[in-house]
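The next block holds one structure in the form of structure tokens; read it before the comments.
Number of protein chains: 2
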Amino acid sequence: MGLLIVLSGPAGVGKGTVCTALRKRMPELVYSVSATTRQPRPGEIDGVNYFFKTKEQFLKLIEADEMLEYAEYVGNYYGTPRSFVEETLAAGKNVILEIEVQGAVKVKEKFPGAIMVFLLPPSFDELKARITGRGTESMDTINTRMNVAAQEMSLLSHYDYAVMNDEIERACDKIRSIIIAENCRRERLPAHILHMAAAAEKA
Amino acid sequence: MGLLIVLSGPAGVGKGTVCTALRKRMPELVYSVSATTRQPRPGEIDGVNYFFKTKEQFLKLIEADEMLEYAEYVGNYYGTPRSFVEETLAAGKNVILEIEVQGAVKVKEKFPGAIMVFLLPPSFDELKARITGRGTESMDTINTRMNVAAQEMSLLSHYDYAVMNDEIERACDKIRSIIIAENCRRERLPAHILHMAAAAEKA
Numbered sequence: 001m002g003l004l005i006v007l008s009g010p011a012g013v014g015k016g017t018v019c020t021a022l023r024k025r026m027p028e029l030v031y032s033v034s035a036t037t038r039q040p041r042p043g044e045i046d047g048v049n050y051f052f053k054t055k056e057q058f059l060k061l062i063e064a065d066e067m068l069e070y071a072e073y074v075g076n077y078y079g080t081p082r083s084f085v086e087e088t089l090a091a092g093k094n095v096i097l098e099i100e101v102q103g104a105v106k107v108k109e110k111f112p113g114a115i116m117v118f119l120l121p122p123s124f125d126e127l128k129a130r131i132t133g134r135g136t137e138s139m140d141t142i143n144t145r146m147n148v149a150a151q152e153m154s155l156l157s158h159y160d161y162a163v164m165n166d167e168i169e170r171a172c173d174k175i176r177s178i179i180i181a182e183n184c185r186r187e188r189l190p191a192h193i194l195h196m197a198a199a200a201e202k203a
Numbered sequence: 001m002g003l004l005i006v007l008s009g010p011a012g013v014g015k016g017t018v019c020t021a022l023r024k025r026m027p028e029l030v031y032s033v034s035a036t037t038r039q040p041r042p043g044e045i046d047g048v049n050y051f052f053k054t055k056e057q058f059l060k061l062i063e064a065d066e067m068l069e070y071a072e073y074v075g076n077y078y079g080t081p082r083s084f085v086e087e088t089l090a091a092g093k094n095v096i097l098e099i100e101v102q103g104a105v106k107v108k109e110k111f112p113g114a115i116m117v118f119l120l121p122p123s124f125d126e127l128k129a130r131i132t133g134r135g136t137e138s139m140d141t142i143n144t145r146m147n148v149a150a151q152e153m154s155l156l157s158h159y160d161y162a163v164m165n166d167e168i169e170r171a172c173d174k175i176r177s178i179i180i181a182e183n184c185r186r187e188r189l190p191a192h193i194l195h196m197a198a199a200a201e202k203a
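Below you can see the structure in the form of structure tokens.
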């Protein structure tokens, strides 16, 4: 079985950027492509950036318990297809999900062995600056986003690891280290190594 | 508090070589110098390679519970002084011990939070080759060493992580990853980060 790594953190913390950099550094890591009902943007490819679905298709997938987690956001659905994750893990490959904090908590319920990594902003002021700096949003929009970020921060307790995104390469190195370390856990030793220990006892 | 990393593994697996390479890569890691009653070899410096002690001094340290673990080997004592480890950890620095398998298990009893890393030979045959290849030992000596190695392998179950020493740099990278990952565990988050999460909830 491969490992399921869930990378999450408050909106605006830079999950997407860190995940992209990490995948470049660890090309062996399989990225779980999300499904969405929103329209493709120019340049986006079905099956690469997202699996683009109609609302009807998406609702059917939910009904068939084919979504590990999903959420509605500004009128569109976003979710993680279950079968791709399960099949890739069964093939012994490590899978990374880069998803919102609440969806991540749902994934952990379904995969208790998932490695949960929470990406932290360097400071709450920094997170505020990133949220505010995204565009020319109204104060109401900014306040709503800050409330959401605060709720998201409060879910930190569901996570195994916390990595500060102060510098992309440093954050990447830490997440890479977490994945390597988890693969070295004694209880995950491949059978032939345990056989070696058993053979040694008999020798 | 710093982390206590215990690097161990069967005799002949290459603990010393890997530990030296790791310290070059992670100079911030504090190495716990062992105490011994054996004579210094040419070039060995007191306090760098070992703390050289008389047998009388060593026995007094044991009596004063100043040894985290110790063992007698070919008529000489070897051990890990407690106060240096405790003081360095209290100063917030990570400490690495490179010690024998049974001593390591004793350290874990005294420091349940210790991160236990077991260095594995690429195969049992490879370990045999390393033990045999050390010199022109008799078959009796080799058999005794193989029995010891087998007993040592059987203590693997006391360890948190297992790293195969198939290639020094690769093994080093894995141990470095384990140390970085353990420092990222959520329960080890520094207080000011937990305050950030709490502040976020109130905001």
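Going down the list, the protein sequences come from chains G and C.
When the letters of the first sequence are read in order and numbered with the UniProt record's numbering, they come out as residues 1 to 203.
When the letters of the second sequence are read in order and numbered with the UniProt record's numbering, they come out as residues 1 to 203.
All C-beta atoms, glycine included, are put in the ideal place defined by N, C-alpha and C.
Same chain, Cβ closer than 7 Å to residue i, neighbours up to 5 away in sequence not counted
i              : result
K60 (chain C)  : none
S83 (chain C)  : E66
T17 (chain C)  : I168
A149 (chain C) : P10, A11, G12, L127, I131
I62 (chain G)  : Y70
D173 (chain G) : none
Residue burial classification, residue i (beta-carbon count within 10 angstroms, cutoff 16)
i              : result
G92 (chain G)  : exposed
N170 (chain G) : Position check: residue 170 (chain G) holds Arg in this sequence, whereas Asn was assumed. By the 10 Å Cβ count, R170 (chain G) comes out exposed.
V163 (chain G) : buried
I45 (chain G)  : exposed
A27 (chain C)  : The amino acid at residue 27 (chain C) is misidentified as Ala; the sequence shows Pro. Classification of P27 (chain C): exposed, given that the 10 Å Cβ count is below 16.
E69 (chain G)  : buried
G43 (chain G)  : exposed
A90 (chain G)  : exposed
E109 (chain C) : exposed
T80 (chain G)  : buried
P121 (chain C) : buried
D160 (chain C) : buried
A104 (chain G) : buried
S34 (chain G)  : buried
M196 (chain G) : buried
V74 (chain C)  : exposed
Chain G within 9 Å of residue i, Cβ atoms only
i                     : result
I142 (chain C)        : no
K106 (chain C)        : no
E182 (chain C)        : yes
R130 (chain C)        : no
residue 222 (chain C) : Beyond the ends of chain C as shown, which are 1 and 203, falls residue 222 (chain C); an answer cannot be given.
I193 (chain C)        : yes
F111 (chain C)        : no
Residues near residue i in its chain [Cβ-Cβ closer than 6 Å; skip 5 each side]
i              : result
R145 (chain G) : I131
N94 (chain C)  : G2, L3, L29
T37 (chain C)  : K53, K55, F58, N76, Y77
G14 (chain G)  : N165
C19 (chain G)  : L7, E98
E152 (chain C) : P10, V101
T88 (chain C)  : V30, V95
F124 (chain G) : none
V85 (chain G)  : S32, V95
Short CB-CB distance (under 9 Å) between residue i and chain C
i              : result
P121 (chain G) : yes
L89 (chain G)  : no
R186 (chain G) : yes
M139 (chain G) : no
M196 (chain G) : yes
L61 (chain G)  : no
F118 (chain G) : yes
L7 (chain G)   : no
L189 (chain G) : yes
F124 (chain G) : yes
Close beta carbons around residue i, own chain, < 8 Å, minus the five adjacent residues each side
i              : result
G40 (chain C)  : Checking the sequence, you will find Pro at residue 40 (chain C) rather than Gly. Result list for P40 (chain C): D46, N49, Y50, F52, in chain order.
R23 (chain C)  : L29, Y31, I96
V107 (chain C) : L4, V6, L68, E69, T80, L97, I99, A114
H158 (chain C) : A104, V105, K108, M116
Residue i beta carbon near the ligand FAD (any heavy atom closer than 8 Å)
i             : result
A11 (chain C) : What this structure holds is no ligand at all, so the ligand FAD is not there to describe.
Fill in: Touching by the beta-carbon criterion (3+ pairs, under 8 Å), the stretch 109-122 of chain G and the stretch 172-181 of chain G
In the pairwise beta carbon analysis, the stretch 109-122 of chain G is classified as touching the stretch 172-181 of chain G: at least three pairs are separated by under 8 Å.
Worksheet entry | Residues, ordered as in the chain, of the stretch 168-182 of chain C that lie near chain G by beta-carbon distance below 9 Å | Taken in chain order, the members of the stretch 168-182 of chain C whose beta-carbon sits within less than 9 Å of a beta-carbon on chain G are D173, K174, I175, R176, S177, I178, I179, I180, A181, E182.
Worksheet item: Mind listing which residues of the stretch 148-161 of chain G have their C-beta closer than 7 Å to chain C's C-betas, in chain order?
Response: Listed in sequence order: A149, A150, M153, S154, L156, Y159, D160, Y161.
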